[in-house]
Amino acid sequence: MPNPFPREFKWGVATASYQIEGSSASDGRGTSIWDTFSHTSGKTVNGDTGDVACDHYRRYAADVALMRELAIQSYRFSISWPRIFPNGDEKLEPRGFDFYDRLVDELLEAGISPMATLYHWDLPQALQDRGGWANRETAYAFASYAEKVAARLGDRVEQWVTLNEPWCVAWLGYMSGVHAPGIKNLDQALAAAHHTALAHGLATRAIRSASSTANVGLALNMTNYRVDDPGNADLSTLADLMDAHVNRWWLDAFTIGAYPRALTDFYGPKLQAHIEPGDEDILRVGTDFLGINYYSDSFLGVPAADAKPMQDGGLFPFPQAASSPIPEPKTAMGWPITASGIRDLLLRVSRDWPSVEAIAITENGAAFDDVPSEDGRILDHQRANYLTSHIAAVGEAVELGAPVVSYHAWSFLDNFEWAEGYSKRFGLVYVDYESQNRTPKLSAEVYRSLILAHASDSEAVQQPVG
Ligand code: FCB
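Read in order, the letters of the sequence shown correspond to residues 900 to 1365 in my numbering.
What follows is the structure, encoded as structure tokens:
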């Protein structure tokens, strides 16, 4: 089969600061909302916290060396805001900044392109104390932080992601409360949804002004909503609302400066209350690339007869939506494995948002219950199959014209999986949390072979014939 991936395509892995760094009280780091949340009883499985995590803050050099052995070409990591600005204000902690300097230098030395995410959920607690993402000021504080980081690292980092999965930030953080800061309030969730979109607009401009070579995007969690009875009008309406909520909100914001009509109608003045004159221009910032985090499709069934609306008449979390049986096979998260969905999604984004000229797969991966065998190997065939089938589906989309430029497997290491603590393993590399030993799993070997095969194939394609 000809290799559909262009020569300059980059194969990478992704992580996030709070999930791997540990050293949560070292070198002047401030407290983040995830420190507070994970230290609150009952919020995470087994009361797990990111205090130590993968100890990457101290082991980063060995981790980069391991990435290099695995033939990784691009590393998407995130910067911990409170490590650099412990109180979320202008007062800088130079030791925090130095860490990211060293990390970036180590990556470049190893021939790996850095892709830096500025916000992967670890908001300085000091900003949450003033309302967090429900407070409009946080969007401005974020832009100021983004500008300073881009000014410092922009000579070496070109790929920037502003926010990771703002849907999760707003709706899991401020409405369902399963993520930090653990708030359950529709007004705050709507405010946060708007303020994260504003933050992307403001920060994109700030990064571009600080670094002329910057390539700036946003990482969205996206899915395809599949309905089990397409003829059912209620179900179609529900699917459209879900799609608007999860897929279209931030994409429409940065492409057209407005939110989907289905939602502005649905929320009416409740949403409008947070929008100020001129916001449309801030939102409509365009993008250099769109980051897509894809894990699985979503299945909607006929609304359950006893489904009740949420408090305040809010729609999230759409209790009806869970009623469709989730098809097998599933991952350890209970998420269905739907490889062709990533192809369909990429084609849909290319069709519906033609102004998006480049797409980076910023996350794709699966949790399974890995058990080391007697000889210490981790034969995670299911994860290896998950990766190869999804990469093949990305290749199909590329062949059909989707402008995909990179792929990042989630995750490089097993790590702190938010509310699930350490109970869910997503890594290509197994982490023994007692010893902090790293062992590449079978999936890492498979991914490495695939990267090398694509690299040599695309070289062959470049060679003149005869
Ligand atoms: C995404 C998050 C990432 C990780 C994966 C499994 O929603 O961005 O940090 O937790 O899910």
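Every residue, glycine too, gets a C-beta built ideally from N, C-alpha and C.
Beta-carbon proximity list for residue i, same chain, < 6 angstroms, skipping 5 on both sides
i       : result
Lys942  : Phe936
Arg1183 : Gly1156
Ser1195 : Trp1234, Pro1235 and Thr1237
Ala969  : The identity of residue 969 in the sequence shown is Leu, whereas the question assumes Ala. Within the same chain, Leu969 has close Cβ partners Ala1343 and Arg1347.
Glu1295 : Arg1242
Candidates the options, of which the one nearest residue i by Cα
i       : options                               : result
Ala1367 : Ser1012, Pro903, Asn1034 and Glu907   : This structure cannot settle anything about residue 1367, because the visible part of the chain is limited to 900 through 1365.
Ala1015 : Leu1062, Asp1133 and Thr1037          : Leu1062
Val1126 : Tyr1073, Ser1197 and Ala1118          : Ser1197
Leu1117 : Arg994, Asp1187 and Pro901            : Asp1187
Gly995  : Ser922, Phe1325, Glu1175 and Ala1040  : Ser922
Gly927  : Asn986, Arg957 and Val1056            : Asn986
Ala1259 : Val1293, Thr914 and Leu965            : Val1293
Thr1037 : Ile1082, Leu1101 and Asp1180          : Leu1101
Asn871  : Ile919, Gly1275, Arg1055 and Ala1283  : The question about residue 871 has no answer here: the residues shown for the chain are numbered 900 through 1365.
Leu1085 : Val1330, His1173, Pro1253 and Arg1104 : His1173
Pro1226 : Leu1199, Trp1252, Asp1269 and Leu1246 : Leu1199
Pro1129 : Ala1265, Ala1138 and Asp988           : Ala1138
Met1121 : Ile1106, Arg1001, Trp1149 and Ser940  : Trp1149
Ala1231 : Asp950, Gly1240, Glu1046 and Gly1264  : Gly1264
Trp1252 : Phe998, Glu1064, Phe1153 and Arg1051  : Phe1153
Tyr999  : Phe1165, Gly1053, Ser1254 and Cys953  : Gly1053
Gly1030 : Tyr1073, Leu1134 and Ala1009          : Tyr1073
Local Cβ density within 10 Å of residue i, reported as buried at 16 or more and exposed below that
i       : result
His1280 : exposed
Ala961  : exposed
Ser1108 : exposed
Lys1340 : buried
Ser916  : buried
Val1145 : buried
Ser979  : buried
Pro1208 : Its pLDDT being 45, under 50, Pro1208 is placed unreliably in this model, and the coordinates cannot settle the point.
Gly948  : Contrary to the premise, residue 948 reads as Thr rather than Gly in this sequence. Looking at its Cβ environment, which holds 16 or more other Cβ atoms inside 10 Å, Thr948 is buried.
Pro1271 : exposed
Pro1013 : buried
Glu1316 : buried
Ala1352 : exposed
Same chain, Cβ closer than 7 angstroms to residue i, neighbours up to 5 away in sequence not counted
i       : result
Ser1249 : Gly1300, Ala1301 and Pro1302
Gln1027 : Ile932 and Pro1080
Thr1261 : Ala913, Arg975, Val1060, Ala1118, Gly1190, Ile1191, Asn1192 and His1307
Thr930  : Pro981 and Gln1024
Ala1040 : Gly987 and Leu1026
Gly1212 : Confidence at Gly1212 is low in this model, with a pLDDT of 38, below 50, so the placement of that residue is unreliable and no value is reported for it.
Gly1275 : Thr1338
Leu1006 : Val963, Tyr974 and Pro1013
Cβ-heavy atom distance, residue i to ligand 1, below 7 angstroms
i       : result
Gly1281 : Here residue 1281 turns out to be Gln, not Gly, going by the sequence shown. Because no heavy atom of ligand 1 lies under 7 angstroms away, the Cβ of Gln1281 does not count as near it: no.
Glu1064 : yes
Cys953  : no
His1099 : no
Phe1267 : no
Gln918  : yes
Phe1325 : yes
His1289 : no
Trp933  : no
His1019 : yes
Trp1309 : yes
Glu1262 : yes
Asn1146 : no
Asn902  : no
Ala1069 : no
Asn1120 : yes
Ala1354 : no
Cβ pair residue i, residue j closer than 8 angstroms
i       : j       : result
Gly911  : Arg975  : yes
Gly1326 : Ser1310 : yes
Tyr1124 : Met1141 : yes
Lys909  : Ser1322 : no
Val1297 : Pro901  : no
Leu1286 : Ser1342 : yes
Val1330 : Ala1283 : no
Val1115 : Arg1055 : no
Trp1020 : Thr1095 : no
Ala1318 : His1078 : yes
Ile1290 : Thr1338 : no
Ala1092 : Ala1042 : no
Ser1110 : Ala1049 : yes
Leu1097 : Asp1151 : no
Ala1132 : Leu1162 : no
Gly1167 : Ser1254 : no
Residue-chain proximity (residue i, chain C), Cβ-Cβ < 8 angstroms
i      : result
Asp988 : Although the question refers to chain C, the structure presented lacks it and comprises just one protein chain.
Close beta carbons around residue i, own chain, < 8 angstroms, minus the five adjacent residues each side
i       : result
Arg958  : Gln1335
Gly1076 : Ile1082 and Lys1083
Trp1066 : Ala1092, Leu1119, Asn1120, His1144, Val1145, Trp1148 and Trp1149
Near ligand 3: residue i beta-carbon under 7 angstroms from a heavy atom
i       : result
Val1297 : In the structure on display, ligand 3 does not appear, and the ligands it does have are ligand 1.
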